[in-house]
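Enquirer:
Given below as structure tokens:
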């Protein structure tokens with residue numbers, strides 16, 4: 006998952022993906038900021054979703070050629086280099102306002118999209134399909 010500063014949306018998205026589907030994931034920024042936004046941390050804690058990183062990471066350090074890249078901000082989508090497996094979700098930046106309702110709205114949008122993407126991509130294990 007990627008955005009420009011890697012301080013809110015992709016951090017929450019990677020945590021949600023890992024929590025929901027127990028599959029490898031990472032978050033990165035095209036020009037990473039200096040810290041994870043404090044309200045990102047509080048929002049994840051409130052929802053009991055553990056964050057996977059403690060500081061912003063450059064996208065180039067976490068993105069491999071076979072990975073699915075999901076950009077969650079328009080600026081990153083325009084600036085990221087070509088990638089063979091790519092989706093774009095335009096999620097408003099909660100850090101722009103910094104208020105809790107904006108972070109909650111971003112978290113809810115990410116959770117909805119991750120649930121849809123995961124149900125399309127992640128096949129049930131043999132144990133899950135025995136139901």
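Residue numbers (my numbering): 6 to 136. Every residue gets a Cβ at the ideal spot worked out from N, C-alpha and C, and that includes glycine.
1. When you compare only the Cα positions, how much space is there between residue 107 and residue 98?
2. Between which residues of its own chain and residue 41 is the CB-CB distance below 6 Å, once the five residues before and five after are set aside?
3. What is the rounded straight-line gap between the Cα of residue 2 and the Cα of residue 89?
4. Does the segment 44-63 come close enough to the segment 24-36 that 3 or more CB-CB pairs lie under 8 Å?
5. I need the DSSP call for residue 63, collapsed to helix, strand or coil.
6. For the candidate residues 87, 78, 44, 83, whose alpha-carbon lies nearest to that of residue 71?
7. When the distance is taken between beta carbons, is residue 100 closer than 7 Å to residue 9?
8. Name the one or two DSSP bridge partners that residue 91 has.
9. Suppose the cutoff is 7 Å on Cβ atoms and the five residues either side in sequence are ignored; what does the same chain contact list for residue 23 look like?
Expert: On the basis of the coordinates in this document:
1. Cα atoms of residue 107 and residue 98: separation of roughly 8 Å, rounded to the nearest angstrom.
2. Excluding its 5 nearest sequence neighbours in each direction, residue 41 has C-beta neighbours in its own chain below 6 Å: 12, 16, listed in chain order.
3. For residue 2 there is no data in the structure shown, the boundaries of the chain being 6 and 136.
4. Touching, yes, given that three or more Cβ pairs across the two stretches are closer than 8 Å.
5. Strand, per DSSP.
6. Answer by Cα proximity: 87.
7. Remark: C-beta atoms of residue 9 and residue 100 do not approach each other more closely than 7 Å.
8. DSSP output for residue 91 lists 74 as bridge partner(s).
9. Within the same chain, residue 23 has close Cβ partners 30, 57.
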